[in-house]
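Protein chains in written order, with our numbering: chain A, 133 to 502; chain B, 133 to 502.
2 protein chains.
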Amino acid sequence: MALDSRSLAWATLAHKALPQRALVALLREFGDAQGVLGASHAHIARAVSPAVADVALAKVDPEALARTSRWLDDPSHHVIAWDDADYPQALLQLGYAPPALFEIGRRDLLARPAFAIVGSRHGTPQGLETAREFAHALGAAGFTIVSGLALGIDAAAHGGALGTEGSTIAVVGTGLDRVYPARNRDLAMRIARDGVLLSEYLPGTPPRKENFPRRNRLISGLARGVLVVEATLSSGSLITARLAADQGRDVFAIPGSIHSPFAKGCHKLIREGATLVETAQDVLGELCPGATPSHAPDQHMRTERSSDATKLLAAMGYDPVSIDALVERTGSAVQSVTGELVTLELDGRIASLPGGYWQRLGPKKTSRGG
Amino acid sequence: MALDSRSLAWATLAHKALPQRALVALLREFGDAQGVLGASHAHIARAVSPAVADVALAKVDPEALARTSRWLDDPSHHVIAWDDADYPQALLQLGYAPPALFEIGRRDLLARPAFAIVGSRHGTPQGLETAREFAHALGAAGFTIVSGLALGIDAAAHGGALGTEGSTIAVVGTGLDRVYPARNRDLAMRIARDGVLLSEYLPGTPPRKENFPRRNRLISGLARGVLVVEATLSSGSLITARLAADQGRDVFAIPGSIHSPFAKGCHKLIREGATLVETAQDVLGELCPGATPSHAPDQHMRTERSSDATKLLAAMGYDPVSIDALVERTGSAVQSVTGELVTLELDGRIASLPGGYWQRLGPKKTSRGG
Chain A
133 MALDSRSLAW ATLAHKALPQ RALVALLREF GDAQGVLGAS HAHIARAVSP
183 AVADVALAKV DPEALARTSR WLDDPSHHVI AWDDADYPQA LLQLGYAPPA
233 LFEIGRRDLL ARPAFAIVGS RHGTPQGLET AREFAHALGA AGFTIVSGLA
283 LGIDAAAHGG ALGTEGSTIA VVGTGLDRVY PARNRDLAMR IARDGVLLSE
333 YLPGTPPRKE NFPRRNRLIS GLARGVLVVE ATLSSGSLIT ARLAADQGRD
383 VFAIPGSIHS PFAKGCHKLI REGATLVETA QDVLGELCPG ATPSHAPDQH
433 MRTERSSDAT KLLAAMGYDP VSIDALVERT GSAVQSVTGE LVTLELDGRI
483 ASLPGGYWQR LGPKKTSRGG
Chain B
133 MALDSRSLAW ATLAHKALPQ RALVALLREF GDAQGVLGAS HAHIARAVSP
183 AVADVALAKV DPEALARTSR WLDDPSHHVI AWDDADYPQA LLQLGYAPPA
233 LFEIGRRDLL ARPAFAIVGS RHGTPQGLET AREFAHALGA AGFTIVSGLA
283 LGIDAAAHGG ALGTEGSTIA VVGTGLDRVY PARNRDLAMR IARDGVLLSE
333 YLPGTPPRKE NFPRRNRLIS GLARGVLVVE ATLSSGSLIT ARLAADQGRD
383 VFAIPGSIHS PFAKGCHKLI REGATLVETA QDVLGELCPG ATPSHAPDQH
433 MRTERSSDAT KLLAAMGYDP VSIDALVERT GSAVQSVTGE LVTLELDGRI
483 ASLPGGYWQR LGPKKTSRGG
């Protein structure tokens, strides 16, 4: 996109790296990203704690910000912020959604039901073929295939999904001005055209070891479920699967020979409760029980989401209430309640109170920003 | 064994093929097998219903009985009856224990903790090797390996267990004067020396299609758990696994390639709740959690059994009580309660009443027969 003031404001906020709760508080006070950046020192100091105010008012390195601006000058490059209609709803529910995502490609794909396929960087030829086949079939059924642009299974999954109705999202652990690993440069270019390259990291961010496991929570968070195709016991895919389970996502795994080190990670997941699948139809059967695969997922997901919010609001009443009480009243998992609370707070439907309490707001006070 | 009058009496009763409940009633009335056969027409007619009396008093085909007698003349051939100390306790609990089992070999193995390994008749070379390895390791850990003497996985399991501490039991679907399939003749001879050949069918019984699935309930019934190594979706091993689950036994399965038809049956079982295992240690970890494998199983099993009986007697009180009420009071599965009731009835500790009720007996009235 051409660089507008709203995008620049969000990019600037991304440079400040404020804690999620602090940023929510600032946005509620000042309406949107430009409002936060334009607020007076005195107003910010009144609105938030001194520690948050310090971070909010700190100067951003002008050189780094200039690099981000230059990156955003390319019309195919975007920053997608919390208050953007395209921002993936699935991430907002989790309670740790990056305020701004950097994106290249078909941003419309971010609104689709997504499914993650991950696995070993050193997959076997059979494993790579399995990843391609599952990605192609699930992409054709309407799911957008999310993976991490790594060598091996990840690359095979992206490749299998390219050209399908759902196509593919690569969530990477570097700034989007880099391709890591370099061997996937051609693949990344194809994804930039037909799919989405996505990162929470600022342009210029090099590959850093600690960023890849962090990135995994977005891969699983974006998706309805995660399939692990091949994984050794030390594979990062097991981290993604664990995050997925914590996020309430379905976890699937492909079995293999008991003598293959690349099956051991999958077998561990199955023993821990992941669903063993042999075909893409097995996955579709779990994700959309009783439904025609190509139409069901999207609808199913939307119904679930809005009914979750309605249920939670009903359970809140209008008195201050703790998360524990909400978990008890709704019977939902704590992470799902937390995620829903943040979404509702961004929507201005509820407010957070001191001591970890929440309260429902009567009339809609704050719009969803910008 | 040399043919004694007790064995002949049980063999004769086996020829009569009385329903289990009717035979229990006769044994309680007349003390033991010889007592039943020596009872007067009038006494039997008073003790049981006319239908049962008809079966009990019917003449046995003398030629068939003579064949059984000749078979029992071999000192290595035995009939093991309900009232025999060697009769497998695990079968008595199930509520459908054959009154007499025909046996060749080391009858002491029947008292050991057992584990079943079954699978396809057309196993892959890798599957056969897996069956051998698991059988050898679990046999070395003290488990007696039960299988069905079929070609393929069954034969490999028996072969792997021969020579180990636990050795092996082959439960066959024919009379023990036959070996089916003939290709396993050498294996059967080795099992007769180092293990056990076991059948509920009279000598002379040919291979009959309907007898093999029936036989499977004994394979699973004898065992603490059942491992399926390789199975197509139409394999009889899936029947054994289902029976095992119904009997409250643990079911284990070995995963494999999603492209192998011999893994599909195992994958189905895993999806339905069977435990995926990669090593014999995985099995031991489930069967004897936290225990030293070579000593734990036997103890564990005995404790479980006697505490089940104690719990059930306590739950009965001394008033007539229905099975449903016992299931509710004990929280145990209906098949486990039924099995325990039959065992206690055989022990003379309880009596069955009309209408499906049971009652605990005060002093021990009837000894366990002959």
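Note that the Cβ used here is the ideal one computed from N, Cα and C, for glycine as well.
query, result
"In chain order, each beta strand (DSSP E) run of at least 3 residues that lies wholly inside the stretch 319–367 of chain B", "328–331 and 357–360"
"CB of Arg-325 (chain B) within 8 angstroms of CB of Ala-288 (chain B), strictly", "no"
"Status (buried if at least 16 other CB within 10 Å, exposed otherwise) for Glu-235 (chain A)", "buried"
"Coil, strand or helix - Arg-481 (chain A) by DSSP", "coil"
"Contact with chain B by Glu-410 (chain A), beta-carbon distance below 8 angstroms", "yes"
"Sheet register partners of Phe-247 (chain A) (DSSP bridge)", "A:Ile-277"
"For Trp-142 (chain B), the three-state DSSP class (helix, strand or coil)", "helix"
"N-terminal and C-terminal residue of the beta strand (DSSP E) that Ile-212 (chain B) is part of", "209–213"
"Interface residues of chain B facing Thr-200 (chain A) [CB-CB closer than 7 angstroms]", "Neighbours of Thr-200 (chain A) on chain B: none; closest Cβ ~45 angstroms, over 7 angstroms."
"Range covered by the alpha helix (DSSP H) that runs through Asp-205 (chain A)", "194–205"
"C-beta contact flag for Phe-344 (chain B) and Gly-368 (chain B) at 8 angstroms", "yes"
"Limits of the beta strand (DSSP E) - the one that Val-303 (chain B) falls within", "300–303"
"Contact between the stretch 329–342 of chain B and the stretch 370–389 of chain B (3+ Cβ pairs under 8 angstroms)", "no"
"Short Cβ contact (8 angstroms threshold) for His-268 (chain A) with Leu-281 (chain A)", "no"
"Option in B:Arg-138, B:Asp-193, B:Glu-195 and B:Pro-182 with minimal Cα separation from Val-168 (chain B)", "B:Arg-138"
"Length of the line joining the Cα atoms of Pro-231 (chain B) and Ile-386 (chain A)", "46 angstroms"
"Cα-Cα separation between Lys-443 (chain B) and Thr-462 (chain B), rounded to whole angstroms", "7 angstroms"
"Min CB distance His-290 (chain B) to chain A below 8 angstroms", "no"
"Buried versus exposed, by CB contacts within 10 Å (16 or more), Asn-297 (chain A)", "For clarity, residue 297 (chain A) is Glu in the given sequence; the question names Asn instead. By the neighbour-count rule (16 or more Cβ atoms within 10 Å), Glu-297 (chain A) is not buried but exposed."
"Segment contact, 8 angstroms Cβ cut-off, at least three pairs: the stretch 314–322 of chain A with the stretch 179–188 of chain A", "no"
"C-beta atoms of Val-415 (chain A) and Leu-294 (chain A) nearer than 8 angstroms", "no"
"Contacts of Ile-386 (chain A) in chain B (Cβ-Cβ under 8 angstroms)", "Ile-390"
"Contact set between Ile-402 (chain A) and chain B, taken where Cβ atoms lie within less than 8 angstroms", "Pro-387, Ile-402 and Leu-408"
"C-alpha gap between Leu-140 (chain A) and Thr-470 (chain A), whole angstroms", "29 angstroms"
"Pro-425 (chain B) versus Glu-418 (chain B): straight-line alpha-carbon distance, rounded", "Confidence is the limiting factor: at Pro-425 (chain B) the pLDDT is only 42, short of 50, which leaves the residue's position unreliable, though a coordinate-based value still follows. Pro-425 (chain B) and Glu-418 (chain B): Cα-Cα distance of roughly 10 angstroms."
"Ile-236 (chain A) - DSSP class collapsed to helix/strand/coil", "strand"
"In DSSP terms, what Thr-407 (chain A) is bridged to", "A:Phe-384"
"Phe-394 (chain B) and Leu-359 (chain B) closer than 8 angstroms at C-beta", "no"
"Alpha carbon of Leu-354 (chain B) to alpha carbon of Ala-198 (chain B), nearest angstrom", "30 angstroms"
"Contact set between Thr-262 (chain B) and chain A, taken where Cβ atoms lie within less than 9 angstroms", "Ile-390 and His-391"
"Closer than 8 angstroms to chain A by CB, His-399 (chain B)", "yes"
"Test item: CB-CB of Leu-279 (chain A) and Thr-364 (chain A) under 8 angstroms", "The sequence shown places Ser at residue 279 (chain A), not Leu. No, these two residues do not count as a Cβ contact at 8 angstroms."
"Residues near Val-361 (chain A) in its chain [Cβ-Cβ closer than 6 angstroms; skip 5 each side]", "Gly-251, Gly-259, Thr-262, Ala-263, Ile-285 and Ile-386"
"Cβ-Cβ distance between Gly-307 (chain B) and Arg-347 (chain B) below 8 angstroms", "no"
"Neighbour flag for Gly-259 (chain B) against chain A, beta carbons, 8 angstroms", "no"
"Selection from A:Pro-313, A:Pro-335, A:Arg-356 and A:Arg-178 that minimises the alpha carbon distance to Ala-157 (chain A)", "A:Arg-178"
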